[in-house]
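Read left to right, the sequence shown gives residues -2 to 126 (this note's numbering).
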Amino acid sequence: APRETIIDLPICVAGIEDNGCAAVYGTKHPWFRWVGVTEGKAWLQEDVDQGSELWVGNVFVCDNKEMRLTLVDQGQAAGTQPFLEVHNPTDAPVNAVLTSPPHAPRYGGMRIELGVPAGSTSIVPLRTN
-2 APRETIIDLP ICVAGIEDNG CAAVYGTKHP WFRWVGVTEG KAWLQEDVDQ GSELWVGNVF
58 VCDNKEMRLT LVDQGQAAGT QPFLEVHNPT DAPVNAVLTS PPHAPRYGGM RIELGVPAGS
118 TSIVPLRTN
């Protein structure tokens, strides 16, 4: 039978890339929570009944849309530096430019240029803002 739930309507944000690095960050939970993306839209649920400010977007984007990104910045041992895994699934080496939008929490405005060999993953150490 239907039950009362914390939230009954999903939040949909358009204009998000499905590159492996889409997240929500909010005042109620000041850390990245990864969200699913389909057809350029991120779908999530968030308790906003008592008010909350949310940021939803791609923490990092790449000028080459074939690249796949994984941000690792939580759940690590104390003192471990966050990093970004940049995977090139293609059969050719790629010179890529990665950016974090200026409004993104923790990494906003960061720009990284790197070469990634064909079929390889490069690890990029990060520092937070």
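Where is the CB? At the ideal position from N, CA and C, for every residue including glycine. No experiment lies behind these values; they were computed from the predicted model shown.
What is the DSSP secondary structure of residue i, reduced to helix, strand or coil?
i, result
"N16", "coil"
"W52", "strand"
"N85", "coil"
"E110", "strand"
"R103", "coil"
Using C-beta distances below 8 Å, list every residue in its chain close to residue i, excluding the 5 sequence neighbours before and after it, in chain order.
i, result
"Q78", "P122, L123, R124"
Check this for me: beta carbons of residue i and residue j, under 8 Å apart or not?
i, j, result
"L81", "L66", "yes"
"V58", "V83", "no"
"V10", "V53", "yes"
Just curious, the beta strand (DSSP E) that residue i is in, first and last residue?
i, result
"G33", "33 to 35"
"L41", "38 to 41"
"S151", "No information on residue 151 is available, as it lies outside the stretch -2 to 126 that the chain covers here."
"T67", "65 to 69"
Leaving aside the five residues before and after residue i along the sequence, list all residues of the same chain whose C-beta is less than 6 Å from its C-beta, in chain order.
i, result
"D70", "P79"
"A19", "I13, V32, V34, A39, N55"
"R108", "T96"
Can you find the residues in the same chain that come closer than 7 Å, C-beta to C-beta, to residue i, ignoring five residues on each side of it along the sequence?
i, result
"D60", "A93, V94"
"A115", "N85, T87, D88, A89, P90"
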